[in-house]
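Just below is one structure, and these are the notes that go with it.
2 protein chains.
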Amino acid sequence: MTAPGTGTFGDWLAIAVEEARAGRDEGGIPIGAALIDRDGTVLGRGRNRRVQDGDPSIHGETAAFRAAGRRPSYRGTTMVTTLSPCWYCSGLIRQFGISRVVIGEAGTFTGGHDWLAGHGVEVVVLDDPECAELMAAFVRDNRELWLEDIGAGGED
Amino acid sequence: MTAPGTGTFGDWLAIAVEEARAGRDEGGIPIGAALIDRDGTVLGRGRNRRVQDGDPSIHGETAAFRAAGRRPSYRGTTMVTTLSPCWYCSGLIRQFGISRVVIGEAGTFTGGHDWLAGHGVEVVVLDDPECAELMAAFVRDNRELWLEDIGAGGED
């Protein structure tokens with residue numbers, strides 16, 4: 001793992017952050033993502049839509065993947081996401097052979113990114129302060145909703 | 001792993017097979033699934049919709065999960081599916097704490113079900129001949145589409 005912080009990865013992260021902020025402003029869970037082709041083309045972008053659509057299957061990463069439409073292969077693509085991908089989204093990245101995942105932050109929540117690194121995915125964690133603050137504020141104010149989003153609700 | 005073959009698991013599998021057959025009849029990928037509550041209630045059911053909706057994010061299991069809507073917890077639920085869940089769908093099952101997965105067959109394709117068993121999910125493989133025949137016929141006649149669905153397309 002490296003932490004470039006700016007440059008190309010920073011530009012890509014800005015797209016994911018824009019999605020996350022839009023989700024927050026809609027009253028949703030502030031996690032955004034984009035799928036980027038090897039030449040920098042944005043293939044798809046999206047955000048968690050659990051609240052907005054009542055759909056638990058739409059995490060940031062699955063939204064971006066869906067928006068990219070059908071493709072024969074994901075070799076050379078990068079999934080950029082504001083937060084460490086949960087097991088569901090890590091499984092997506094592994095199954096479809098997405099080559100790289102660029103992560104805004106992994107402090108609020110750590111999913112399967114080490115597992116992905118062990119299976120040949122290039123993993124970049126940027127330790128971005130805005131991503132961390134977006135999630136920290138959300139979790140502080142919406143604990144039950146956050147637990148629901150990671151399958152850990154109803155346990156209090 | 002056990003192979004009950006009939007009884008409750010067989011009844012649940014019949015729902016997944018009905019979905020898979022419907023998918024085949026629509027020209028889609030014949031994989032179906034259902035999410036069942038601990039009391040046997042069908043919470044959601046669905047089928048792969050890559051072809052029908054042009055949506056690569058809708059596998060049988062994610063379709064069933066989506067159809068079940070928002071829930072605080074999945075404790076005690078069973079995902080029944082005609083085929084061994086791919087890493088994407090295995091990640092879904094692990095992340096959301098789905099307690100059991102009942103699998104029609106794992107011969108045509110083996111995804112992450114051993115990994116799930118290692119993480120506390122009860123795994124039941126039924127070795128159902130109809131599930132195996134549905135997939136075998138599909139893969140034989142639609143090889144590129146099948147490879148696309150598991151992220152292995154465009155390699156020939």
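From first to last, the protein sequence lines are chains P and E.
Those letters in the first sequence? Residues 1 to 156, per the UniProt record's numbering, in order.
Those letters in the second sequence? Residues 1 to 156, per the UniProt record's numbering, in order.
Cβ coordinates follow ideal geometry from the N, Cα and C atoms, glycine included.
- In summary, the residues of the segment 22-53 of chain P whose CB is separated from some CB of chain E by less than 7 Å are R50, in the order they occur in the chain.
- C-alpha of P:V17 to C-alpha of E:R140: approximately 43 Å in a straight line.
- When DSSP reads this structure, P:G44 sits in a beta bridge with P:L35.
- The DSSP-derived three-state label of E:L126 is coil.
- With a cut-off of 8 Å on Cβ pairs, the segment 16-33 of chain E is in contact with the segment 47-54 of chain E, counting three or more such pairs.
- E:T62 and P:A137 have their C-alpha atoms roughly 29 Å apart.
- A straight-line Cα-Cα distance of about 5 Å links P:G23 and P:P30.
- One finds G91 in chain E with Cβ atoms closer than 7 Å to the Cβ of P:S90, taken in chain order.
- In the structure shown, P:G153 adopts coil according to DSSP, grouped into three states.
- Counting C-beta pairs with one atom in each stretch, the segment 85-95 of chain E and the segment 78-94 of chain P have three or more that are closer than 8 Å, which means they touch.
- Within chain E, the residues whose beta carbon sits less than 7 Å from that of P:D55 are R66, listed in sequence order.
- Note: E:E105 is bridge-paired with E:L83 in the DSSP secondary-structure output.
- Measuring C-alpha to C-alpha distances from E:A33 to each of E:D53, E:L43, E:D25 and E:E26 identifies E:L43 as the nearest.
- For the 8 Å CB-CB criterion, P:R66 and E:P56 form a contact.
- Among the residues of chain E, those whose CB is under 7 Å from the CB of P:W87 are G91, R94 and Q95, following chain order.
- Sequence-distant Cβ neighbours of E:L147 in its own chain, meaning closer than 6 Å and more than five residues away, are G153.
- In the three-state scheme derived from DSSP, where H, G and I count as helix and E and B as strand, P:T62 is classed as helix.
- The Cβ neighbour count for E:G118, taken over all protein chains shown within 10 Å, is under 16; the residue is labelled exposed.
- Looking only at P:L145, P:V123 and P:G54, the smallest Cα-Cα distance to P:I98 is reached by P:V123.
- For P:D53, the enclosing alpha helix (DSSP H) stretches over residues R50 to D53.
- Around the CB of P:G120, fewer than 16 other CB atoms lie within 10 Å, so the residue is classed as exposed.
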